[in-house]
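Chemist: Below is the structure I would like to discuss, written out as structure tokens.
Residue numbers (UniProt numbering): 1 to 698.
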């Protein structure tokens, strides 16, 4: 799915017009095109549906999702809920994508009241993994100023070297020369456009007639009384004349599309306008000011003009104030002005680089999984899995809240191990509403039933009934036995229990999956632009080369299962053959073992972290590597390196970490990170549910 995110460089660039034209251009190539405006920005006086969404829907016959209200968005931003906002937007985005080849997403317009628009646009573009097209309107700028403004906005989205920043569309270009000549002169002034990596995707000349409102729109703006509607639904205003002149000086100004503004007692002007209308001049209308109505005898003489379709309006304001109001007329296309929308759509489409855009849509590319999309897909897949997850720390306030959220949203069927009265007391104290279907099991009432099965599972270790009873005092052990007996599909713990407390019963009772000799872990690292996988940062202190190869394969499988194309970098303190030593040789051997096991897997090592992550450094240190500079899975040589790197990146970079997720067990058990919050628990439950679904498929 191709996504184009169109972002304005300033206010008043005609963003909606560009959206209409871009959709038309792509449709003409035979593509199934969708549209999405994530955030509504109503203009003063707008009371109906969001303008861009409705215009695209009516013009192109589409059904885009309705955008979020600006009030809702500002409240979430003010509460520091940017991640939650992006998840809501991703949900709508996924709806808009259904059945489409390409989606046009319209960003926010910066205004005096929405100074945060540029920041939100950046987050939106990154979250949707979209290719960015800037939209600018030169107005009367000198070319150097225009070039500088565009370059500044391009830098905001990553700069011209970012392959996702495609170029700019210039709208409302006021120039006496042909657009090709203007474009050539602009490129001379713009190093950005001369680079070839950032393109001029359209140069749309200013055409005043495209802004002409219907006479009815004028009436609506002014709240005018309609004395004679005539053709006011179809006639358009392209000029206003304020009549303070004599009739002789006014007559030459009575041209098609002119709105004549005059006091209602200027009988001479009214008669002159009527004569022009009778003679076939399609004036936009006659607007009478100062709340003065013409003499009925004059109106009788004007019947021919009225029957010929001349609109006549009346307002209470004086001529000067009325003219000021007319100058403030909203230039946006009204949602019901289909004729104007069609004209603008075709006009814009005719000036876009259709061939290049169509070619771009046909270019295969790998999707970068952004954090918002990752979280959205996580919740969606967990809901589809419909798994039963046990939570041994059932009376912990954050566990109760997370379980309530998961149960209410259908993320998982949660089982709290705790006394029901304790859970209800926590819910009352925390203001948590316990949804229907949320199971609460008292460990004291169910413990006995697991003694005999546990003795059977551990008979090779000489476990007897009293020993089993003692171990089952720990609710984590009860939950693990429920999982071992297939009463639940997964287990999540670790909010107050140690990692060892959570994992030891699983190793004893669940055991490793077929073909696995060890249990390892991965963290999903949610960077602003994409999600990466780190392994192993929790479980294995000093893995051998064979164990490291197995960790790499497990981590690659986990990445693939969660929608991340695995390109595995085996991390070391040197790249390629630049150094030798015991630790480097271990990484080199592990890489060869993994390559021999899965020959189709993109895996390389040893690689330094920066060579694995950064394309510029990769070209210097590992120019022939299929992984360097584009790694998505980072496998660390030992626990010291992995855990330290994970903590450093999590705390120092703009990164959210999900996990650890354990891999290699026969059934999913996951340990919560230290300091976990409610969201961490919810997402860990979702991860566990998806793992449970995978283990069933396997």
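Where is the CB? At the ideal position from N, CA and C, for every residue including glycine.
In this text, all values refer to a predicted model and were calculated from it rather than measured experimentally.
#1: Kindly list the residues whose CB is nearer than 7 Å to the CB of residue 56, restricted to its own chain and excluding five residues on each side of it in sequence; keep chain order.
#2: By Cβ distance, which residues of its chain are closer than 7 Å to residue 552, with the 5 residues on each side in sequence left out?
#3: Enumerate in chain order the residues of its own chain whose CB-to-CB distance from residue 608 is below 6 Å, with the five nearest sequence positions on each side excluded.
#4: Just verifying my parser: in three-state terms, what is the DSSP assignment at residue 171?
#5: Residue 347 by DSSP, collapsed to three states: which one?
#6: Could you have a look at residue 573 and say whether DSSP puts it in helix, strand or coil?
#7: In angstroms, rounded to a whole number, what distance separates the CA positions of residue 93 and residue 38?
#8: What did DSSP end up calling residue 406 once you bin it into helix, strand or coil?
#9: Taking the straight line between their C-alpha atoms, what separation do you get for residue 66 and residue 50?
#10: Can you tell me which of 315, 13, 454 puts its alpha carbon nearest to the alpha carbon of residue 227?
#11: For residue 320, count neighbouring C-beta atoms within 10 Å of its own C-beta (all shown protein chains included) and say buried if the count is 16 or more, exposed if not.
#12: Taking only runs that begin and end inside the stretch 282-315, name each unbroken alpha helix (DSSP H) of 4 or more residues, in chain order.
#13: Could you tell me the boundaries of the beta strand (DSSP E) in which residue 361 lies?
#14: Quick check on the DSSP output: the beta strand (DSSP E) that includes residue 550 runs from which residue to which?
#15: Can you say whether residue 436 is buried or exposed, counting buried as having 16 or more other CB atoms within 10 angstroms of its CB?
#16: If you scan the stretch 488-536 from start to end, which runs of the alpha helix (DSSP H) of 4 or more residues do you find wholly inside it?
#17: Shortest alpha-carbon distance to residue 252 belongs to which of 283, 229, 675?
#18: Thinking just about the alpha-carbon of each residue, which of 334, 580, 509 is nearest to the one in residue 59?
#19: Closest to residue 275 by CA distance: which of 302, 250, 177 is it?
#20: From residue 566 to residue 601, what does the alpha carbon distance come to, in whole angstroms?
#21: Pairs of beta-carbons, one from the stretch 341-352 and one from the stretch 193-207, closer than 8 Å: are there three or more?
#22: Exposed or buried, what is residue 306 when buried is set at 16 or more other beta-carbons lying within 10 Å of its beta-carbon?
#23: According to DSSP, is residue 701 part of a helix, a strand, or is it coil?
#24: Opposite residue 102 in the DSSP bridges: which residues?
#25: How many angstroms separate the CA atom of residue 700 from the CA atom of residue 613?
#26: Please determine, among 421, 217, 395, the residue with the shortest C-alpha to C-alpha distance to residue 337.
#27: Cutting at 7 Å between CB atoms, please list the residues of its own chain near residue 457, excluding the five before and the five after it.
#28: Report the rounded CA-to-CA distance for residue 41 versus residue 326, giving the unit in angstroms.
#29: How big is the Cα-Cα spacing for residue 402 and residue 617?
#30: Using 7 Å as the limit for Cβ to Cβ distance, is residue 584 near chain B?
#31: What are the uninterrupted segments assigned as beta strand (DSSP E) that are 3 or more residues long and contained completely in the stretch 183-251, given in chain order?
#32: Out of 103, 125, 177, 185, point me to the one whose CA is closest to residue 143's CA.
#33: Taking the beta carbon of residue 471 as the centre, do at least 16 other beta carbons fall within 10 Å, making it buried, or is it exposed?
Modeler: On the basis of the supplied data:
#1: 19, 20, 23, 35, 62, 64
#2: 568, 570, 590, 594, 603, 635
#3: 575
#4: strand
#5: helix
#6: coil
#7: 8 Å
#8: helix
#9: 8 Å
#10: 315
#11: exposed
#12: 296-301, 303-307
#13: Taken as a continuous stretch (DSSP letters only), residue 361 belongs to no beta strand (DSSP E), being part of the alpha helix (DSSP H) at 354-361.
#14: That residue, residue 550, is in no beta strand (DSSP E); its alpha helix (DSSP H) goes 545-561.
#15: exposed
#16: 499-509
#17: 283
#18: 334
#19: 302
#20: 8 Å
#21: yes
#22: buried
#23: Look at the range of the chain in this structure, 1 to 698, and you will see that residue 701 is not part of it.
#24: 2, 33
#25: This structure gives no information on residue 700, because the portion of the chain shown stretches from 1 to 698.
#26: 217
#27: 484, 509
#28: 22 Å
#29: 42 Å
#30: In summary, chain B is missing from the structure at hand, where a single protein chain is found.
#31: 199-205, 225-228, 239-242
#32: 185
#33: buried
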